[in-house]
Amino acid sequence: MSDIPTPTHPSLTHFDAQGQTHMVDVGTKQATHRIAVACGQIEMRPETLALIGSGSAKKGDVLGVARIAGIMAAKKTSDLIPLCHPLALTRVALEFELRTHENAVLCTATVETVGATGVEMEALTAVQVALLTVYDMCKAADKGMVIGGVRLLEKRGGKSGSFFAPASPVR
1327 MSDIPTPTHP
1337 SLTHFDAQGQ
1347 THMVDVGTKQ
1357 ATHRIAVACG
1367 QIEMRPETLA
1377 LIGSGSAKKG
1387 DVLGVARIAG
1397 IMAAKKTSDL
1407 IPLCHPLALT
1417 RVALEFELRT
1427 HENAVLCTAT
1437 VETVGATGVE
1447 MEALTAVQVA
1457 LLTVYDMCKA
1467 ADKGMVIGGV
1477 RLLEKRGGKS
1487 GSFFAPASPV
1497 R
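So for the sequence shown, this note's numbering puts the first residue at 1327; every next one is plus one.
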């Protein structure tokens, strides 16, 4: 196999020519406006979703706490994912949608920065931690909740250009 990256054999940027792990050098890259949007959902019993929707969960405002947890997680991504660069984020926003037809809460995170590397990992981390927080706050009522469908929806900015995920329902 050739060492030259191609669309079917892209290079893995966290390995050097000798196959050693390293943090990618972004020192010479131009700072650009970067945006990433990720989503995922947590499925639960209808009664649990009703508790969240009514604001009557025992531990308090589930989605409010999950929002703060997701924002904090985005800011701490480089402490959790070993090869992520610490970034000065300019925006982190989380939205929640109660999906009564699926007995689920959908979480969407949008993260922005002006910098030399993207914010995809920050958006994905924000979603995961927000959904884990929902689980934590509701586990006394429903231990069978399922987190799933976490994925990158879009990425804009930087040398590699834009990415928009193909339409697919979150499961």
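For each residue, glycine too, the CB sits at the ideal point set by N, CA and C.
Do residue j and residue i come within 8 angstroms of each other at the CB atom, strictly closer than that value?
i     : j     : result
M1445 : V1455 : It is worth fixing the name first, because residue 1445 is Val in this sequence and not Met. No, the Cβ-Cβ distance between V1445 and V1455 is not below 8 angstroms.
V1352 : T1443 : yes
T1358 : G1484 : yes
M1447 : Y1461 : no
Going by DSSP, name the residue or residues bridged to residue i.
i     : result
L1420 : A1435
I1368 : V1431, I1473
A1493 : A1493 pairs with nothing; no bridge assigned.
T1451 : Paired residues: none, contrary to the question.
M1361 : A quick correction: the sequence has Ile, not Met, at residue 1361. In DSSP, I1361 forms a bridge with E1438, R1482.
R1425 : A1430
When the Cα atoms are used, what is the spatial distance from residue i to residue j?
i     : j     : result
T1426 : L1458 : 19 angstroms
D1405 : P1412 : 8 angstroms
L1424 : I1378 : 9 angstroms
A1466 : K1385 : 10 angstroms
S1486 : V1431 : 32 angstroms
D1479 : S1382 : Here the sequence assigns Leu to residue 1479, which means Asp is not the residue at that position. If I take the Cα positions, the gap works out to 32 angstroms.
R1371 : N1429 : 6 angstroms
M1349 : P1408 : 8 angstroms
C1464 : I1368 : 11 angstroms
Q1345 : D1468 : Per the sequence shown, the amino acid found at residue 1345 is Gly instead of Gln. If I take the Cα positions, the gap works out to 45 angstroms.
D1387 : F1422 : 13 angstroms
Q1356 : I1397 : 26 angstroms
A1493 : I1361 : 19 angstroms
A1491 : V1418 : 20 angstroms
A1376 : I1473 : 18 angstroms
S1488 : S1337 : 18 angstroms
S1380 : C1410 : 38 angstroms
Are there 16 or more other CB atoms within 10 angstroms of the CB of residue i, so buried, or fewer, so exposed?
i     : result
R1393 : buried
T1354 : exposed
V1453 : buried
V1440 : exposed
T1403 : buried
A1435 : buried
Under 8 angstroms by Cβ, that's how I've got residue i and residue j pegged, so tell me the actual separation to the nearest angstrom.
i     : j     : result
L1415 : A1395 : Contact flag wrong, Cβ pair sits at about 15 angstroms.
C1433 : L1420 : 6 angstroms
G1475 : G1366 : 5 angstroms
Would you say residue i lies against chain C (beta-carbon separation less than 8 angstroms)?
i     : result
G1345 : The question asks about chain C, but that chain is absent: this structure has only one protein chain.
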